[in-house]
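2 protein chains.
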Amino acid sequence: MEQRLAPNTKLSESLLCKTFGVGRMRIRRALLLLSSQGLIELQSNRGAYVACPSKSDANDVFAARMLIEPPLVRNLAQNPDVIDLRVLVDHIELEDAAREQNERTEIIRLSGEFHTKLAQASGNKFIFRMMRELVTRTSLIVGLFGSSEDASCPDHEHGDILQAIQTKQPQKAEKLLISHLHHIQSGLDMKSRTEIPEDLEAILLT
Amino acid sequence: MEQRLAPNTKLSESLLCKTFGVGRMRIRRALLLLSSQGLIELQSNRGAYVACPSKSDANDVFAARMLIEPPLVRNLAQNPDVIDLRVLVDHIELEDAAREQNERTEIIRLSGEFHTKLAQASGNKFIFRMMRELVTRTSLIVGLFGSSEDASCPDHEHGDILQAIQTKQPQKAEKLLISHLHHIQSGLDMKSRTEIPEDLEAILLT
DNA sequence: TTGACATAGATTGTTAACAATCGTGGAATA
DNA sequence: TATTCCACGATTGTTAACAATCTATGTCAA
Numbered sequence: 042m043e044q045r046l047a048p049n050t051k052l053s054e055s056l057l058c059k060t061f062g063v064g065r066m067r068i069r070r071a072l073l074l075l076s077s078q079g080l081i082e083l084q085s086n087r088g089a090y091v092a093c094p095s096k097s098d099a100n101d102v103f104a105a106r107m108l109i110e111p112p113l114v115r116n117l118a119q120n121p122d123v124i125d126l127r128v129l130v131d132h133i134e135l136e137d138a139a140r141e142q143n144e145r146t147e148i149i150r151l152s153g154e155f156h157t158k159l160a161q162a163s164g165n166k167f168i169f170r171m172m173r174e175l176v177t178r179t180s181l182i183v184g185l186f187g188s189s190e191d192a193s194c195p196d197h198e199h200g201d202i203l204q205a206i207q208t209k210q211p212q213k214a215e216k217l218l219i220s221h222l223h224h225i226q227s228g229l230d231m232k233s234r235t236e237i238p239e240d241l242e243a244i245l246l247t
Numbered sequence: 042m043e044q045r046l047a048p049n050t051k052l053s054e055s056l057l058c059k060t061f062g063v064g065r066m067r068i069r070r071a072l073l074l075l076s077s078q079g080l081i082e083l084q085s086n087r088g089a090y091v092a093c094p095s096k097s098d099a100n101d102v103f104a105a106r107m108l109i110e111p112p113l114v115r116n117l118a119q120n121p122d123v124i125d126l127r128v129l130v131d132h133i134e135l136e137d138a139a140r141e142q143n144e145r146t147e148i149i150r151l152s153g154e155f156h157t158k159l160a161q162a163s164g165n166k167f168i169f170r171m172m173r174e175l176v177t178r179t180s181l182i183v184g185l186f187g188s189s190e191d192a193s194c195p196d197h198e199h200g201d202i203l204q205a206i207q208t209k210q211p212q213k214a215e216k217l218l219i220s221h222l223h224h225i226q227s228g229l230d231m232k233s234r235t236e237i238p239e240d241l242e243a244i245l246l247t
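Chains P and L, in that order, give the protein sequences.
Residue 217 in my numbering sits at position 176 of the first sequence; the count goes up by one each step and never skips.
Residue 208 in my numbering sits at position 167 of the second sequence; the count goes up by one each step and never skips.
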């Protein structure tokens, strides 16, 4: 979620056991769950590797988000009274604070979390779950194909969307979100630069 | 998926081991995955139970489907050339055949599978996965709240939707699908009749 | 020098025994 | 008779040893 682990990084059981001070069973459970969410890939007798989405995967993820998020945001803006906007307002503040202090991983995490919280605000458990999966996948994709600059830092766009929701402007909110997603997607260059996995243990312990 | 296991049925590890002739590890892996999909619930130190969706869950599932499926079908109908309609056509035939021979579990399974295949036809891996989860959940819900009659047997509605797609009528297809979902949902009476779990082992082996 | 092969080490997959927890039934008491 | 407590059995959770598989290194031959 924070793009600290590069795709194709091997996650060996023994290392994870040592790092987290946990038995192998726990690790294997966790790996199985992560693989069921598509964040890692379990290769038989070879181990677990951080998922490396293809270009086709990337397109599919954005297509799926384009299908779900616009009507979702529209619905939110249609009756913003019943939902808890406070969480979202607070979140925007957190994002701003992280941006000011230039905390890269924090910015990335919060940037994705905004969309998750948007889905959570709908009050629909399943939409929330779906969104969470799509957002984490998006994070992987941006880490892989993203232009290293501010691709994941859409500045004030999140705030604008929230404002449109608060002021009951469904169409504007939907439009803003669509262009926001397009922004993110067009920021990708689709040249799968296979970055070399790094030290690891230190990364995990951060 | 075939509604052969009633909600709240306990799935004990030892029984599953004996029934399928498999070690406990495999069973536990399977149970963990099923729980991650929300089909069963893992209670700590108590075991696995077939999920028992609440009314709120039921509403959420249908709301999520209402959000996703209409635009999905619309997209399919907009350019039905690029997709493989043959699979869907064959499927309708299977449904008809099962209905003729009155094979209850088969009808239920195929009835859900139609929607899954609709999502598969989109070619989008993630939409397919989301749809599959929603459909299986719907199956549980219909089994719980469904009027025991033909709630899950919408007769020719699937065929109509497919035809609208084939003849490039996006709006009609979308409209048909919406009313189809409403049909299913309105067929529920929302009185959580907690049916008593049955013999089990025999059911599993079928 | 390169290629194939074999062996050794490391890693994952599986099994079985052990520990911990929970539900049930019975006994004792009010 | 009803209720509480204790103990037993059953079931789940965990651990550790074992088996199977893969990767890598080194040797031998062409």
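From the three backbone atoms N, C-alpha and C, an ideal C-beta is built for every residue, glycine too.
Just so it is clear, the structure is predicted and the values come from calculations on it, not from any experiment.
Proximity test, Cβ basis, 9 angstroms: residue i and chain L
i, result
"residue 102(P)", "yes"
"residue 53(P)", "no"
"residue 186(P)", "no"
"residue 270(P)", "Here chain P comprises residues numbered 42 to 247, so residue 270(P) is not present and cannot be evaluated."
"residue 182(P)", "no"
"residue 178(P)", "yes"
Exposure label - residue i; buried when at least 16 CB within 10 Å
i, result
"residue 209(P)", "exposed"
"residue 55(P)", "exposed"
"residue 59(L)", "exposed"
"residue 172(P)", "buried"
"residue 161(L)", "buried"
"residue 155(P)", "buried"
"residue 65(P)", "exposed"
"residue 186(L)", "buried"
"residue 98(P)", "buried"
"residue 165(L)", "buried"
"residue 215(L)", "buried"
"residue 62(P)", "exposed"
"residue 180(P)", "buried"
Under 8 angstroms from the C-beta of residue i: neighbouring residues of chain L
i, result
"residue 70(P)", "73"
"residue 124(P)", "Here the premise fails: no neighbours, minimum Cβ distance about 14 angstroms."
Chain-ordered chain L contacts of residue i [CB-CB under 9 angstroms]
i, result
"residue 98(P)", "166 and 167"
Whether residue i touches residue j by CB criterion (9 angstroms)
i, j, result
"residue 42(L)", "residue 150(L)", "yes"
"residue 168(P)", "residue 109(P)", "yes"
"residue 81(P)", "residue 57(P)", "no"
"residue 94(L)", "residue 225(L)", "no"
"residue 91(L)", "residue 46(L)", "yes"
"residue 201(P)", "residue 222(P)", "no"
"residue 159(P)", "residue 113(P)", "yes"
"residue 79(P)", "residue 170(P)", "no"
"residue 212(P)", "residue 146(P)", "no"
"residue 152(P)", "residue 197(P)", "no"
"residue 117(P)", "residue 124(P)", "yes"
"residue 19(L)", "residue 89(L)", "No answer is possible for residue 19(L): the residues shown for chain L start at 42 and end at 247."
"residue 5(L)", "residue 83(L)", "The requested residue 5(L) does not occur in the structure, where chain L is confined to residues 42 to 247."
"residue 74(P)", "residue 72(L)", "no"
C-beta neighbour in chain P for residue i, strict 9 angstroms
i, result
"residue 138(L)", "no"
"residue 89(L)", "no"
"residue 214(L)", "no"
"residue 113(L)", "yes"
"residue 116(L)", "yes"
"residue 238(L)", "Residue placement at residue 238(L) is flagged as unreliable, the pLDDT there being 48, under the threshold of 50; the coordinate-derived value follows with that caveat. With 9 angstroms as the cut-off, residue 238(L) does not count as an interface residue toward chain P."
"residue 174(L)", "yes"
Listed by chain order, chain P residues near residue i by CB distance under 7 angstroms
i, result
"residue 109(L)", "108 and 109"
"residue 171(L)", "171"
"residue 92(L)", "Within chain P, no residue comes near residue 92(L); the closest Cβ sits about 12 angstroms away, beyond 7 angstroms."
Proximal residues of chain P, C-beta to C-beta of residue i below 9 angstroms
i, result
"residue 160(L)", "The premise fails here: residue 160(L) is roughly 10 angstroms from chain P at the closest Cβ pair, so nothing lies under 9 angstroms."
Chain P contact residues for residue i, given Cβ-Cβ distances below 8 angstroms
i, result
"residue 105(L)", "165, 167, 168 and 171"
- Query: Taking the runs of the beta strand (DSSP E) that are 3 residues or longer, which of them lie wholly in the region 100-175 of chain P?
  - Reply: none
- Which ranges would you report for the beta strand (DSSP E) in the region 55-89 of chain L if only whole runs of at least 3 residues count? 81-84
- Go through the region 195-229 of chain P residue by residue and report every complete run of the alpha helix (DSSP H) that reaches 4 residues or more, in order. 198-207 and 211-227
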